[in-house]
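**Student:**
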Amino acid sequence: MAKGKAADGRPSKPRTAGSTPTERVSPLLPRYTQFDRLWHAGQARLTFGISLAAVAAAWSDWALHLANAPGRRLELAQAALHDAWRLGLFAARASSGGASEPFSQDGDDPRFADPAWHRFPFNVWAQGFLAAEAWWDAATTGPRGVTAQHQRQVRFMARNALDHWAPSNLPWTNPEVLERTAAEQGRNLLQGLEFLAEDIERRAAGEGPAGTERFAVGRNMAMTPGRVVYRNDLIELQQYTPTTETVYPEPVLIVPAWIMKY
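Each residue of the sequence shown is one higher than the last, beginning at 1 in our numbering.
#1: Go ahead and pull the three-state DSSP assignment for residue 247.
#2: From what residue to what residue does the alpha helix (DSSP H) around residue 151 run?
#3: Give me, in chain order, the residues of the same chain whose beta-carbon lies closer than 6 angstroms to that of residue 102; leave out the 5 immediate sequence neighbours on both sides.
#4: Roughly how many angstroms separate the alpha carbons of residue 243 and residue 147, rounded to a whole number?
#5: From residue 58 to residue 206, what does the alpha carbon distance come to, in whole angstroms?
#6: Have a look at residue 240 and residue 252 and give me their C-alpha separation to the nearest angstrom.
#7: Quick check on the burial criterion: 16 or more other C-beta atoms within 10 angstroms. Buried or exposed for residue 124?
#8: Assuming residue 119 and residue 175 are in contact, meaning their beta carbons sit under 8 angstroms apart, how far apart are those beta carbons, in whole angstroms?
#9: In its own chain, which residues sit with a C-beta less than 6 angstroms from the C-beta of residue 266, not counting the 5 before and 5 after it?
#10: Select from 134, 227, 88 and 98 the residue whose C-alpha is nearest the C-alpha of residue 109.
#11: In this structure, what does DSSP give as the bridge partners for residue 221?
#12: Just the C-alpha distance for residue 65 and residue 77, rounded to the nearest angstrom, thanks.
#13: Enumerate in chain order the residues of its own chain whose CB-to-CB distance from residue 18 is below 7 angstroms, with the five nearest sequence positions on each side excluded.
#14: Excluding five sequence neighbours on each side, which residues of the same chain lie with their C-beta closer than 8 angstroms to the C-beta of residue 231?
#15: Suppose the cutoff is 8 angstroms on Cβ atoms and the five residues either side in sequence are ignored; what does the same chain contact list for residue 225 look like?
#16: Should residue 233 go down as buried or exposed, given a rule of 16 or more other Cβ atoms within 10 Å for buried?
#17: Please report the residue range of the alpha helix (DSSP H) in which residue 78 lies.
#18: Name the DSSP beta bridge partners of residue 227, please?
#19: Return the CA-CA distance between residue 155 and residue 138, expressed in angstroms with no decimal places.
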């Protein structure tokens, strides 16, 4: 093919310096993007807005650095065996009536402040949980090389997972719940199941939690139009639109608590 000629023999258009061939954009690209958005929205509903990628990155960072620290693993294994030995001795002595609690003193944890938690076998379950909590706290704090953010995330997730299985959260291992159940002949459990069924039904219907229907905009809840006038990586500054003809010249800056952000 001659220079400057197209395949059909016609002169080709000259290309300016620095120009690149036009990129072809698939007409289906918006559909694929929309599919990704729907997929991510479905994931967010299942995970309550928690990023699976962020969770995997944090645990991978922690696990890889711990796997590369054999001395730290031996230290944690030794601590686990030592704690198991102390817990076993405590359980044997507590069953016969008297033993000092090895992992906490009275009043350290409000979840186990009730005197019933110091009776056998509830004291053994509470001490076992506190031992596991202390071990995991040490395990998620130690490995060198883990980024500070990932270490905080792993520690937070491990603590919350343990709290989920705390004996105070299980009715058959909580002496306070057992005493209440015996006093009410099980009516408290039936009432709890009714509340759970109501919550599931309201969530399936797209309704808010029970009691929120008492609040209505304009009656007992205020809502003012406004707009975002400044935004950076940390904050959004919102300016509310005045609803009266005259206003004070000095604006009022309100900084809500972080827990109120959402």
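Even glycine gets a Cβ: it sits at the ideal position worked out from N, Cα and C.
**Tutor:** Quick answer:
#1: In the three-state reduction of the DSSP assignment, residue 247 falls in the coil class, being assigned neither a helical nor a strand state.
#2: Counting along the chain, residue 151 sits inside the alpha helix (DSSP H) bounded by residues 148 to 164.
#3: 86 and 90
#4: 48 angstroms
#5: Residue 58 and residue 206: Cα-Cα distance of roughly 33 angstroms.
#6: Rounded to whole angstroms, the gap between the alpha carbons of residue 240 and residue 252 is 10 angstroms.
#7: buried
#8: 7 angstroms
#9: The question about residue 266 has no answer, for the chain in this structure spans 1 to 262.
#10: When only C-alpha atoms are compared, the closest one is 134.
#11: DSSP lists 217 as partners of residue 221.
#12: Rounded to whole angstroms, the gap between the alpha carbons of residue 65 and residue 77 is 16 angstroms.
#13: In this prediction, residue 18 scores a pLDDT of 49, lower than 50, which makes its location untrustworthy; the coordinate-derived value is nonetheless stated afterwards. Answer for residue 18: no residue qualifies.
#14: Excluding positions up to five away in sequence, the list reads 237.
#15: 240 and 241
#16: exposed
#17: 70 to 94 is the extent of the alpha helix (DSSP H) around residue 78.
#18: Bridge partners of residue 227 according to DSSP: 239.
#19: 9 angstroms
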